[in-house]
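K.L.:
The sequence shown begins at 47 in our numbering and counts up one residue at a time.
Glycine included, each C-beta is placed from N, C-alpha and C at the ideal position.
Quick caveat, the model's predicted, so the values are computed rather than measured.
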Amino acid sequence: MIEHSDAAKATTPLHGRIANVELDERRRQLLCKGKPVAIEPKPFDLLCLLIRRQGEAVSKDELIASL
47 MIEHSDAAKA TTPLHGRIAN VELDERRRQL LCKGKPVAIE PKPFDLLCLL
97 IRRQGEAVSK DELIASL
């Protein structure tokens, strides 16, 4: 699981691995079994936002505002 403290959530780039999937926000890369996965910028940003807010409800308005 990719986890950060509340203070670090907004400032620290995400980097972590779950099973065969690795996310590196600093490089803007998503890897599956070590191979890059093609992902457009907005879906990548959405994925990062949802990881940061895991366990929380995110409204449609919040999603639109952040992307």
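What are the residues that DSSP puts in a beta bridge with Gly62?
P.N.:
Within the sequence shown, numbered from 1, the residue matching residue 62 stands at position 16. DSSP lists Leu69 as partners of Gly62.
K.L.:
Kindly indicate which three-state DSSP category Lys79 falls into: helix, strand or coil?
P.N.:
Locating residue 79 in the sequence shown gives position 33, counting from the first residue. Correct three-state label for Lys79: coil.
K.L.:
For Pro59 and Glu71, which I take to be in contact (beta-carbon distance under 8 angstroms), what is that distance rounded to the nearest angstrom?
P.N.:
Locating residue 59 in the sequence shown gives position 13, counting from the first residue. Locating residue 71 in the sequence shown gives position 25, counting from the first residue. That pair is a contact at about 4 angstroms.
K.L.:
Would you verify that the beta carbon of Lys88 is, or is not, closer than 9 angstroms to some beta carbon of chain E?
P.N.:
Structure shown: chain E not included; a single protein chain is present.
K.L.:
Could you compute how far the alpha carbon of Ile85 sits from the alpha carbon of Asp91?
P.N.:
The residue you call residue 85 lines up with position 39 of the sequence shown. The residue you call residue 91 lines up with position 45 of the sequence shown. Ile85 and Asp91: Cα-Cα distance of roughly 10 angstroms.
K.L.:
Buried or exposed for Arg98, going by 16 or more other Cβ atoms inside 10 Å?
P.N.:
For this step, residue 98 is matched to residue 52 along the sequence shown. Classification of Arg98: buried, given that the 10 Å Cβ count is 16 or more.
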